[in-house]
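Quick note: the sequence shown uses this note's numbering, first residue 6, plus one each step. C-beta atoms are modelled at their ideal positions from N, C-alpha and C, and glycine is treated no differently. Remarks on the structure that follows.
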Amino acid sequence: MHFPECGHSLCRIRFVSICLAAIILTGCSRTPEPVYVTSEATSELSESHQRQIRETVTRFFGTPLNPRLRLPAEEASEEGTPHFVDIVDPDHLVHGAAVFNRRCAACHGVTGDGNGEAAPYLVPKPRDYRSGIYKFTSTPYGAKPHRSDLIRVIRKGAKGTSMPAFAWLPDEDVQAVVDYVKLLSYRDELEASVVRIAELDYDADEEIDNFEFTDSVTRIHNNWEQAAYQVVLPVTAQPKYTDETILAGRKAFLSKGCSKCHGEGGRGQTDWLSSEFIAALEALPEEKREKINYDAWGNVAPAADITARMLHGGRRPIDVYRRIFTGINGTPMPAFSQALAQEPEALWHLVHYVKSIVEGRKVEGLDQVVADEPPATVNE
């Protein structure tokens, strides 16, 4: 530091004092420590239940700056309280938390609830991990995603949404943030599970049994572990991609129920995203309003506009196959595995038809294809 020329040491002392004051006033303000936010359902419980849930969940999963992913040990202490065993290296999770808070929290929020600072300006809203529901998976409807599903979304992004591709992110960062995202899901799934139990089985002043926590977190963990063995594989080999398979796919699209939501032209229910349409609909008597579907996060969930050529869950044939075969978690998109069990070749025909739309492929006679039977009804 260069001091101004002065023949008296008091001048230097005053100058240093001024510098220190400036640092104290402008340079020493600390960013508030990030904290996990409890759910609205938790906040409606009694104070004692809220406190017990917060304390126990923290013992399992730590804090944003000191995250842990623990499970109860097989043997409890003599007092009946559970011991905890780390199932992921804590240093690995600290690294994952740092990556998440730097790259992801601005949209997804510190807690993974989709309420980051940028969230109000994004459509669709960033994913809320708290329910443990992931839309684009290689596993059956209702199952947890395979690890590769999470990696793929991070690496490739979700086309047509605000989720960018992090193709350049080092593998160490990707692996760490995947485990941290899983921690966020574990944490909030446990909270939600115990909240439901407390509401049903416990008086407001009654302490929640530790078993409720250990049993719930063990079940959640088992669901995640099972996903490693639940990857959906095609029931038949993919045929060669030809005009004939596309035409067969168009016929299936019209007769198997796809066009009921996506429309005969594949443009989906894009009107649902218009505020003017919603306002006009709400102005009608209730019995005349069109039924609008919502997803598991409370957002309007229109059938996708395939002609936009932006398939959120990936455009590889196997990606499209799985969307049709298993449906999409948390949305009205149903699984067609049972509806097409007797004609499994139709699954690949539908894939080829969707692929042709995305690629803009021209097929002679496509506009003349009609359904040879009434559109099927698929249970959603």
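Three-state class that DSSP yields for residue i in the structure shown
i, result
"R73", "coil"
"Y139", "coil"
"V90", "strand"
"V305", "strand"
"D372", "helix"
"Y299", "strand"
"D276", "helix"
"T223", "helix"
"R294", "coil"
"P244", "coil"
"Q231", "helix"
"E211", "coil"
"G270", "coil"
Span separating the alpha-carbon of residue i from that of residue j
i, j, result
"M168", "F105", "14 Å"
"D214", "Y358", "54 Å"
"N120", "V374", "46 Å"
"I297", "W277", "7 Å"
"R108", "A102", "10 Å"
"V368", "T247", "9 Å"
"P72", "K265", "46 Å"
"E45", "E217", "20 Å"
"E249", "R152", "36 Å"
"A26", "P39", "At A26 the pLDDT is 45, less than 50, meaning the model places this residue with poor confidence; the figure from the coordinates comes in the next sentence. If I take the Cα positions, the gap works out to 27 Å."
"L286", "A313", "25 Å"
"S48", "V200", "10 Å"
Sequence-distant residues of the same chain with beta carbon closer than 8 Å to residue i, five excluded per side
i, result
"R160", "A170, F171, A172, L174, V179"
"I311", "H267, G271, R272, G273, V359, I362, V363"
"P69", "E38, P39, V40, Y41, A102, N106, V115"
"D91", "R73, L74, R75"
6 Å Cβ shell around residue i - same chain, five flanking residues per side excluded
i, result
"P349", "V240, T241"
"A269", "The displayed chain sequence assigns Glu, not Ala, to residue 269. Nothing listed; no residue qualifies."
"A309", "G273"
"V325", "V356, V359"
"G162", "M168, P169, A170"
"V148", "It is worth fixing the name first, because residue 148 is Ala in this sequence and not Val. Counting only Cβ-Cβ distances below 6 Å, and skipping sequence neighbours, we find A232, Q235."
"D154", "T142, S143"
Given residue i as reference, the closest of the options once Cα atoms are compared
i, options, result
"R135", "Y146, S198, V158", "S198"
"F65", "I323, Y126, L189, P131", "L189"
"R255", "Y139, L355, E364", "L355"
"G365", "G271, D94, A203", "G271"
"F89", "I323, P95, H97, P77", "P77"
"I138", "Q57, W302, Y126", "W302"
"F258", "V182, A344, H317", "A344"
"H226", "D176, R192, S361", "R192"
"P129", "I92, P322, N304, R327", "N304"
"L316", "Q57, K164, K245", "K164"
Contacts around residue i, its chain only, beta-carbon distance under 7 Å, and the 5 residues preceding and following it disregarded
i, result
"A340", "Y146, F330, T331, G332"
"R320", "V363"
"A123", "A111, C112"
"A203", "L50, H54, I213"
"P150", "Y139, T142, T144, A232"
"P307", "G273, Q274, T275, W277, L278"
"V237", "S143, T144, P145, R327, F330, T331"
Check: residue i C-beta below 7 Å from any heavy atom of the ligand SAM
i, result
"S280", "Summarising the ligand content, the structure contains no ligands, and the ligand SAM is consequently not present."
Residue ranges of each alpha helix (DSSP H) within the segment 110-180, 4 or longer: List check, alpha helix (DSSP H) in window: 110-113, 152-161.
query: What are the start and end residues of each continuous beta strand (DSSP E) run of 3 or more residues lying completely inside the segment 36-68, in chain order?
result: List check, beta strand (DSSP E) in window: nothing returned.
field: Runs of alpha helix (DSSP H) wholly within the segment 313-375 (minimum 4 residues, chain order)
entry: The alpha helix (DSSP H) runs lying completely inside the segment 313-375 and spanning 4 residues or more are 322-331, 350-364, given in chain order.
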